[in-house]
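This report concerns only the one structure given below.
In our numbering, the protein residues as written are 1132 to 1242.
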């Protein structure tokens, strides 16, 4: 899970590096995307949502706190709020690399 301990802030990677990281963590992507589906509020996550980030050191604590929950109602409120933040902020992670401001804006900007 901590293969990428050096990755303190995943937003600092270039778009090419982000996509390479996603390719290297395909198994984690499949596993986490399936796990997140019932834990997230609608709309459904896009297939390219970077769920694999939960397998990296910066998100190890959130991944741990998601625990064995299989429904959103099983999450503590603070964990559900953090998951909402994670989904909102990283929605375009594999689509654009316009700097830090992109994470506060629309999830429909493209590179």
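Just so it is clear, CB atoms sit at the ideal spot from N, CA and C, and this is done for glycine as well.
Continuous alpha helix (DSSP H) stretch holding residue i: start and end
i            : result
residue 1172 : From DSSP, residue 1172 is part of no alpha helix (DSSP H); its letter is neither H nor E.
residue 1210 : 1208-1220
residue 1167 : 1157-1167
Short Cβ contact (7 Å threshold) for residue i with residue j
i            : j            : result
residue 1170 : residue 1203 : yes
residue 1182 : residue 1160 : yes
residue 1186 : residue 1214 : no
Where residue i falls: helix, strand or coil (DSSP)
i            : result
residue 1143 : helix
residue 1192 : helix
Beta-carbon contacts of residue i that lie in its chain and below 7 Å, excluding the five residues immediately before and after
i            : result
residue 1224 : 1149, 1181
residue 1200 : 1170, 1206
residue 1167 : 1176, 1182
Proximal residues to residue i (C-beta, below 6 Å), its chain only, five neighbours per side dropped
i            : result
residue 1134 : Summary for residue 1134: the model assigns pLDDT 48, below 50, so the residue's position carries little reliability; its value from the coordinates is reported in the next sentence. So no residue of the chain qualifies.
Close-in-space but distant-in-sequence residues of the same chain around residue i (CB under 8 Å, 5 per side omitted)
i            : result
residue 1165 : none
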